[in-house]
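Residue numbers (my numbering), protein chains in the order written: chain A, 11 to 578; chain B, 1027 to 1403.
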């Protein structure tokens, strides 16, 4: 006899996600479904519009993944036009990308997923002095003092005493799967509150360059809107750049002493979770942060790895890479659109066909992307694998550093690298990537300073659209992984637009060959201690950092008939 | 009540801000609302009082979570203070610790226990087409959930352009019938905080007003609080003197653009967008951190019929005007290159009409405001 659980809504994510699992007699997940529950049709809205303004629409795919769909959209148009973009513009975009990635990773761990592992109520029983001592023994983060821990605990006590627990009222406090000692819980709660301030440093960097966040506005096909001048009241000058540097220093301190320590330290108490959440183990990542205008050199590596085996690594060197461009396809056999075949994004056709939830049929608004017919996981875990396989210095150093913390805290000297391929490993991978991104942020900033110092003030090359049809792809290594926007332009108007988004790769429904997707695969075999409170489902799904609004979109568009409702 | 009669020590401890900073914030909000200093003290007291925090039910429809992310960037006060000290956020999908039926039960319980007393916040549009199938939560459509929650709400706030008027997904051809809360809840008063996403200060300032006075602040005919949306972006823009003097940038990075000239001819929608971006700016940095401040035209993201509606680089309709009439008309001014003859004629007609009707620009500005901001409450 199996038990069916439906978790709807999945909370602490972006968007509307429903997860269904079947649990066997051993109390383990034996079947799973991932279902997106909202559709907006933004790509359809884009048809016929000016490609230069597509980014204003696509950025609104997501307010959590803000910036990425704007930058990727202009890259797609620039690729179609074969338009060279000034170096200053690439570097400003790279700084925004790195700063946003840090904000996104920090918020995801501390504010969206930590309470899957941290029992907030247990922190009330902690000894603040012992907590401080523990925290100080782990790292040099400057806000681990006993007074700080006491103040946090007092604040928590006042809040709990009020009886109005708001968003914390529904938490799984005291759940048998919660295993941290009270002092570790209090340390995590203190860092949760401190991280709220820290993420603002990243926001301020994005806003100084982007004009605001969420949703930047310095975006332009052909460059950026920030003009650079040192002898006129322009928008980007040495004063603004120095303001940014101060925030980089503060981010660097938190990421390297708190975030990169907290995750492996907490993970060390949950070593059993290195055995769950493995998923599909094919990893896809794309290169990003170009450092030259010919798009030959990239700071972040790309490539594809099969079956979790680094020796299968195939490098994706740059954005014109044919291996990547030809390998992507999407299937809607199990999604609420017509058609069964996996089609390349430039040729995709999609007409909504809603059927309500059918276990063996269609059950989601999220389609199923494949890479040469295989399901692939994207995101920090994929980025770390590709970073290691390509010999990237930062990924290599920080991965070993994280594994060392786990070994020390767990007093277990035998932690293989493959432990990363798990639910808890995805969090570790995100912390490792944060270390890489904070170094990247600093080097991109330095590169911009150096380039500006040569007297280069170029920020924009005006696009010119030819008659006839052209197509392009914009590529980006987003916080949640591989992102590509595919555009077809005819006579300076958008003819077709499709985004193949990280959460589409990971949250997608079963594909044309009925293979399950990364979320679904990672849930298989998870233990469920209490079907009424399926905390374990949340742990595994949250480890991917779901972003559902992003993942649901509509392609094609030449069809006038938009919607066919089958049943309600 | 004089400021020194009030004991702020408890408040200081709880909010983690000192009395001076907090009073300064309240005074700022009160001044924006046109209220005397005594009202600022009343606000501070309302927050300091440890009575029950007002319960808030927060619905997510078709949205990108931009407005909630904006709250995460708020500093006056921070989201942490908002949630721990100002309101009781009883249902919010992005923040709730529990999931599935646990949070759905919590929502029902709060709505039942606080019937007629909870604040309803709606983030995202409501898709009406095809019986609402395009957005479902816990098996229910957003249309049903919105009607249910609105029925016994003490007040309703639409937070963001999507909830205020439909937002990006309502752009033509509006595939899902995306609708704003005021249009969907026709018989209810809905306070709207448009913007994509809005400045979180506009939201929190209005929530603080509700916490203090037990009612919503004065609103205009589109449901927007007058304290935040009473003026056009154009009216307080730091590039405005260049508009008046006829100095325009025509392309990103050109000479005028480097010199910080007006972006009108690049399609800036500041002249037809009501918002406080140009005075409040974003992310509490200072030094012109807002779209026009980084050299990009405003695209009217908060204004119904402008954002996601008019082409990005098309000329705005100049609603209010504008420079004194001894200044040259727009087509005679310097640097009119780079735009088409048709666009220039269009601009000339709009501005010409405004100038023709203007004797005293200050007077006209006031009239325009009162016309577009009719009391609804």
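By construction, the Cβ of each residue, glycine as well, lies at the ideal position given by its N, Cα and C atoms.
Exposure of residue 1373(B), with buried meaning 16 or more beta-carbon neighbours within 10 Å: For residue 1373(B), the predicted model reports a pLDDT of 45, less than 50, meaning its position is unreliable; a value from the coordinates is still stated below. Here residue 1373(B) is buried: its Cβ has 16 or more other Cβ atoms, across all protein chains shown, within 10 Å.
Neighbour-count burial assignment, residue 146(A), 16 or more Cβ in a 10 Å radius: Burial call: exposed.
Taking the C-alpha atoms as reference points, what is the distance between residue 1180(B) and residue 1134(B)? Cα to Cα, the separation comes out at about 16 angstroms.
Can you check which of these residues, 518(A), 513(A), 531(A), is closest to residue 71(A) by C-alpha distance? Closest option to residue 71(A), Cα to Cα, is 513(A).
Counting C-beta neighbours from all protein chains within 10 Å, is the total for residue 1366(B) 16 or more, i.e. buried, or is it exposed? Because residue 1366(B) sits at a pLDDT of 45, beneath the cut-off of 50, its placement in the model cannot be relied upon, and the following sentence gives the value as read from the coordinates. Its Cβ having fewer than 16 others within 10 Å, residue 1366(B) is exposed.
Indicate the three-state DSSP secondary structure (helix, strand or coil) for residue 410(A) in the structure shown. Residue 410(A): helix per DSSP, three-state reduction.
Per DSSP, what are the beta-bridge partners of residue 353(A) in this structure? Paired residues: 340(A).
Taking 8 angstroms as the CB-CB limit, is residue 1090(B) close to chain A? Using a Cβ-Cβ cut-off of 8 angstroms, residue 1090(B) counts as an interface residue toward chain A, since at least one Cβ of chain A sits closer than that to its own.
Name, going along the chain, the residues of the stretch 17-28 of chain A whose beta-carbon falls closer than 9 angstroms to a beta-carbon of chain B. For the stretch 17-28 of chain A, the beta-carbon criterion of a distance under 9 angstroms to any beta-carbon of chain B is satisfied by 17, 18, 19, 20, 21, 22, 23, 24, 25, 26, 28.
Are residue 1144(B) and residue 1182(B) touching if we call contact CB-CB under 8 angstroms? Not a contact, by the Cβ cut-off of 8 angstroms.
Just reading off the beta strand (DSSP E) that residue 378(A) is part of, what are its end residues? Taken as a continuous stretch (DSSP letters only), the beta strand (DSSP E) holding residue 378(A) covers 378-381.
Determine, using beta-carbon pairs with one atom in the stretch 1281-1299 of chain B and one in the stretch 165-183 of chain A, whether at least three such pairs fall under 8 angstroms. Short answer: they don't touch.
Taking residue 1285(B) as the query, report the chain A residues whose CB atoms sit under 8 angstroms from its CB, ordered along the chain. 239, 242, 243, 244, listed in chain order.
Check each candidate in 15(A), 209(A), 189(A), 392(A) and name the one with the smallest Cα separation from residue 108(A). The shortest Cα separation from residue 108(A) among 15(A), 209(A), 189(A), 392(A) belongs to 209(A).
For chain B, find out if any of its Cβ atoms is closer than 8 angstroms to the Cβ of residue 224(A); answer yes or no. Contacts with chain B at 8 angstroms (Cβ-Cβ) include residue 224(A).
Mind the definition here: the stretch 1121-1134 of chain B touches the stretch 14-23 of chain A only if three or more C-beta pairs lie below 8 angstroms; say whether that holds. Result yes; three or more Cβ-Cβ pairs closer than 8 angstroms.
To the nearest angstrom, how far is the alpha carbon of residue 498(A) from that of residue 59(A)? When rounded, the distance between both Cα atoms is 12 angstroms.
For residue 92(A), the nearest candidate out of 200(A), 156(A), 321(A), 330(A) (CA to CA): The residue with the shortest Cα to Cα distance from residue 92(A) is 330(A).
List, in order along the chain, the chain B residues whose C-beta lies closer than 8 angstroms to that of residue 219(A)? Residue 219(A) reaches chain B at 1320, counting residues in chain order whose Cβ is nearer than 8 angstroms.
How far does the alpha helix (DSSP H) with residue 517(A) in it reach, from first residue to last? Membership of residue 517(A) in the alpha helix (DSSP H) is indicated by the continuous run 512-517.
Helix or strand or just coil, what does DSSP make of residue 184(A)? Looking at residue 184(A) - three-state DSSP - the assignment turns out to be coil, as it is neither helix nor strand.
Out of 269(A), 372(A), 396(A), state which residue places its alpha-carbon closest to the alpha-carbon of residue 448(A). When the alpha-carbon of residue 448(A) is set against those of 269(A), 372(A), 396(A), the nearest one is in 269(A).
Cβ closer than 9 angstroms: which chain A residues qualify as neighbours of residue 1290(B)? For residue 1290(B), there are no C-beta contacts with chain A under 9 angstroms, since the nearest C-beta of that chain is about 15 angstroms from it.
How should residue 1105(B) be labelled, buried or exposed, when 16 other C-beta atoms within 10 angstroms of its C-beta is the threshold for buried? By the 10 Å Cβ count, residue 1105(B) comes out buried.
Just checking, does the stretch 458-472 of chain A make contact with the stretch 278-297 of chain A on the three C-beta pairs under 8 angstroms criterion? Short answer: they don't touch.
Could you give the uninterrupted runs of the alpha helix (DSSP H) lying entirely in the stretch 262-323 of chain A, keeping only those of 4 residues or more? Uninterrupted alpha helix (DSSP H) stretches at least 4 residues long and entirely within the stretch 262-323 of chain A occur at 270-278, given in chain order.
Quick check on residue 456(A): buried or exposed, where buried means 16 or more other Cβ atoms within 10 Å of its Cβ? Counting every other CB atom within 10 Å of its CB across the protein chains shown gives residue 456(A) a total below 16, marking it as exposed.
Determine the DSSP secondary structure at residue 30(A), reduced to helix, strand or coil. Three-state result, residue 30(A): strand.
What would DSSP say about residue 150(A), mapped onto helix, strand or coil? Three-state DSSP puts residue 150(A) in coil, outside helix and strand.
Is it the case that the Cβ atoms of residue 516(A) and residue 507(A) are separated by a distance below 8 angstroms? Cβ distance not < 8 angstroms, so residue 516(A) and residue 507(A) don't count as in contact.
Separation of residue 1209(B) from residue 1249(B), as counted between CA atoms: Straight through space, the alpha carbons of residue 1209(B) and residue 1249(B) are spaced by roughly 11 angstroms.
Please report the residue range of the beta strand (DSSP E) in which residue 1081(B) lies. 1081-1086 is the span of the beta strand (DSSP E), which, as asked, contains residue 1081(B).
Say whether chain B places a C-beta atom closer than 8 angstroms to the C-beta of residue 159(A). Not an interface residue.
Between residue 174(A) and chain B, is any beta-carbon pair separated by less than 8 angstroms? The Cβ of residue 174(A) sits closer than 8 angstroms to at least one Cβ of chain B.
Identify which residue in 131(A), 305(A), 438(A) has its Cα closest to the Cα of residue 272(A). That would be 438(A), whose Cα lies nearest to the Cα of residue 272(A).
Please report the straight-line C-alpha distance between residue 1111(B) and residue 1346(B), rounded to a whole angstrom. One C-alpha to the other measures close to 41 angstroms.
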